[in-house]
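Protein chains in written order, with our numbering: chain A, -3 to 296; chain B, -3 to 296.
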C-alpha cells in the first residue's frame, strides 16, 4: 500500500468519526445553523494529515486506532477551526477552500466566528471526556499539549505574526529567522503536537517522547517549506490554489529568501532528521517515514 | 462588609492574578500585538462576578482562595474572550465596553478574533496545568465542565441563537421558552459552571454538587432577568449603557413578553431558590446568598 493509499484509508476512518460528532454529543445538541456551519468547517474533505499522525504514533506504542480516534478528531477540530477563522474577510479573506465556499461565504461572518469558537471548545471537551481515555493523567496531558501548541504562544501566535507582517509591517521585511519562528508556531507546533499526543496515548517513556518530538518538529518544518515551494512553483491545476498567492499577499517565504534550491536541500536534511528520529522504532515506523517522504514531495 | 465591598476586594485579587498571566506563561510568550490585545480584553475592569463565584463556592468546601484563583482566572478568560468576539462588527458591532474601546476598535478585527481565540485556548491551558490543581481527576473534570458550559451546546450556542433571532428570524418572534433557552445557554451556563467548578475543586459530594448546581442555575437565570430589566428601565448614567439597546437591536427579552412586574416576581422566586439551595451550608454561604441578592437588585 502506498502512503497516499494509507492516508486515504485513514481519512475515511477519521471522516466517519468526525461526522459522528454531529450525531451525538455537544455538537449535535447545538443550534441548527451553528451545527451546520461547524460541520461545513470540519467535513470539508481535508487530507487529515494531523489525525493520521496521532493514529500512527499511537500505533508505535501499541495503541489501537479505535483508542486514538477521539484524540485524533480533537486535533482536526483545532485545525479546521483555525481555517474557518483564517478565511474570514478580516484575516485572509478567502472565499474558496478545497473547492467549496469557506464557512463565512457559505453562511456569514458571525456564524463563521462562532463555528470556529465551537470547534475550538469541542476539541477540549473531547479530550477531557473519560470516553476518550480512561486515565485522567493522560487526558490532562493531552489538553495541556494541545492548548499549548494551538494557543497564543503556538498556532494563534503564528497567525498573529503572519498577519502582522502582511498587514502592518511592510517596511520591515522579515529575516529567515523571523519566518522560521512564524512557521514553526503557525504550522509546526500543531503537527508536532499531533505526533506527541500519540506518544502520550501510548504512555511512551521520555526517550521515546523525545524521539517523537524530534520527528514531529522536523516534519512540521518540512511541511511548511514544501508548502512554500508549492506556492511558488506548484501546478494550480493540481494544487487547486493560485500560484504565488503568498507573494501577491506580500507574505515573505523561505523560497523568496533562500531560493528554491536551498529550500530543497533543507527539505532533504529534514527528511534525514525524520529518519534518524524514527530509527529506534525500526519497521513499525514505516508509515511515519512514508509520511515524511509524502510531506516533502507532495504536489498538492 | 457589604457584598459590593467583598466583590471589589475579590476583584482586586483576581485582577492581580489575571495581570500575572502576561508576566509568565503562554500569554507572556506570545507576539506583542496579540499579547496586548489579550490584555486589553482581559483587564478591562469587569465586575469579576464569575471568578468570585468560583472562589466562594470553593471556600464552602474549605479550599483557600489561593488554590482556586487559577481556576477562577480560566473562567474569566472564557467570559472575556466571548465579549471580544461578541463585540466584533459582524456580531454586535460594539465600539465601547466599560468606557473603553472594544478590542477590535482599539486594535483591529483580525487582532480581536485572534485575541479571543488565544484567551479561549489559554483557559484550557490553565485548567490542565498541574500548578492549577495537583489532582488530574480534578483538572480533567474542570476542563470538561468549562468546555461543556462554554461551547456549542452552551455559551457559543446561546450567542448563535441570539444573533439568529436578531439578524435572520425577524418574522418568527421567540416564545418565552425560546428566550429562556437562549439565555440559559448564553449566560446561565457559564455562571452555573463557575459555581460548580468551585465544588469540583472542593471535591464536594454528589448532594452538595446538586445543591450548588441548583444555586448556580437560579443565579444565572436571575442575572439575565435583572439584565433585561436594567436594559428596559435602568438609568444610563449608572449602567453606562444606552437604555433599550436590546429593543433597538430587535432582541426580544422576557420584559417585553412578561412585563416588568412578572419579571420582578420571578426574580423574587429565584432568590428564594438560591436561599433554599444554600440552606444546607448554613452561615458559610453568606457571601453566595449576598451574591444572589446583588445579582437580582443591581443597578448596573
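The beta-carbon is built from N, C-alpha and C at its ideal position, and this holds for glycine as well.
None of these values were measured; they are calculated from a predicted model.
| Query | Result |
| --- | --- |
| Pull up the DSSP beta-bridge partners for residue 93 (chain A), would you. | A:96 |
| Whose Cβ in chain B lies nearer than 8 Å to the Cβ of residue 133 (chain A)? | 132 |
| Assuming residue 67 (chain B) and residue 195 (chain B) are in contact, meaning their beta carbons sit under 8 Å apart, how far apart are those beta carbons, in whole angstroms? | Not a contact, Cβ separation roughly 11 Å. |
| Please list the segments of the alpha helix (DSSP H) lying wholly inside the region 198 to 285 of chain B, counting only runs of 4 or more residues, in order along the chain. | 202 to 229, 232 to 235, 241 to 244, 250 to 254 and 256 to 274 |
| Assess, as a yes-or-no matter, whether the region 27 to 41 of chain A is touched by the region 164 to 180 of chain A under the definition of 3 or more beta carbon pairs within less than 8 Å. | no |
| In this structure, how does DSSP classify residue 128 (chain A) when only helix, strand and coil are distinguished? | coil |
| Please work out which residues of its chain come closer than 7 Å, Cβ to Cβ, to residue 250 (chain A), disregarding the five sequence neighbours upstream and downstream, and give them in chain order. | 172, 175, 221, 224 and 259 |
| Between the region 269 to 283 of chain A and the region 47 to 64 of chain A, do three or more beta carbon pairs fall short of 8 Å? | yes |
| May I have the straight-line CA-CA distance separating residue 162 (chain A) from residue 134 (chain B), to the nearest angstrom? | 42 Å |
| Just to confirm, does residue 151 (chain A) get its C-beta within under 7 Å of one of the non-hydrogen atoms of the ligand ATP? | With respect to the ligand ATP, the structure offers nothing, as it holds no ligand at all. |
| Is it buried or exposed for residue 130 (chain A), if we count other Cβ within 10 angstroms and need 16 for buried? | exposed |
| Measure the C-alpha to C-alpha separation of residue 73 (chain A) and residue 254 (chain B) and round it to an integer number of angstroms. | 41 Å |
| Is it buried or exposed for residue 87 (chain B), if we count other Cβ within 10 angstroms and need 16 for buried? | buried |
| Given this structure, state the Cα-to-Cα distance separating residue 191 (chain B) from residue 7 (chain A), to the nearest angstrom. | 41 Å |
| Can you say whether residue 169 (chain B) is buried or exposed, counting buried as having 16 or more other CB atoms within 10 angstroms of its CB? | exposed |
| Report yes if the C-beta distance between residue 71 (chain B) and residue 94 (chain B) is below 8 Å; otherwise report no. | no |
| What's the call for residue 27 (chain A), buried or exposed, on a 16-neighbour Cβ count within 10 Å? | buried |
| Could you round the C-beta distance between residue 270 (chain B) and residue 214 (chain B) to whole angstroms and report it? I think they count as a contact, below 8 Å. | 5 Å |
| Hey, is residue 117 (chain A)'s beta-carbon within less than 8 Å of any beta-carbon in chain B? | yes |
| Evaluate contact between the region 145 to 153 of chain A and the region 145 to 161 of chain B, counting only Cβ atoms and requiring at least three cross-stretch pairs below 8 Å. | no |
| Mind checking residue 158 (chain B): buried by the 16 CB within 10 Å criterion, or exposed? | buried |
| Using Cβ-Cβ distances below 7 Å, what residues of the region 79 to 92 of chain B are close to chain A? | 81, 84, 86 and 87 |
| Check whether the Cβ atoms of residue 48 (chain A) and residue 76 (chain A) lie closer than 8 Å to each other. | no |
| Cβ closer than 7 Å: which chain A residues qualify as neighbours of residue 257 (chain B)? | None at all; the shortest Cβ gap to chain A is about 31 Å. |
| Is the CB of residue 34 (chain B) under 8 Å away from at least one CB in chain A? | yes |
| Where does residue 44 (chain A) fall in DSSP's three states? | coil |
| With residue 140 (chain B) and residue 124 (chain A) assumed to form a contact (beta carbons below 8 Å), what rounded beta-carbon distance in angstroms separates them? | 4 Å |
| Is any beta-carbon of chain A found at less than 8 Å from that of residue 114 (chain B)? | yes |
| Where residue 41 (chain B) and residue 247 (chain A) are concerned, what is the direct C-alpha to C-alpha distance, given to the nearest angstrom? | 37 Å |
| Give the DSSP-derived three-state secondary structure of residue 147 (chain B) in the structure shown. | coil |
| Helix, strand or coil for residue 58 (chain A)? Go by DSSP, reduced to three states. | coil |
| Give every residue of the same chain whose Cβ lies closer than 8 Å to the Cβ of residue 107 (chain B), excluding the five residues on either side of it in the sequence, and list them in chain order. | 29, 30, 33, 99 and 100 |
| From residue 281 (chain B) to residue 38 (chain B), what does the alpha carbon distance come to, in whole angstroms? | 28 Å |
| DSSP on residue 103 (chain B), reduced to helix/strand/coil? | coil |
| For chain A, is any of its Cβ atoms less than 8 Å away from the one on residue 127 (chain B)? | no |
| Could you work out which residues of chain B lie near residue 99 (chain A), taking near to mean beta carbons separated by less than 7 Å? | Correct list: empty, because the minimum Cβ distance to chain B is about 12 Å. |
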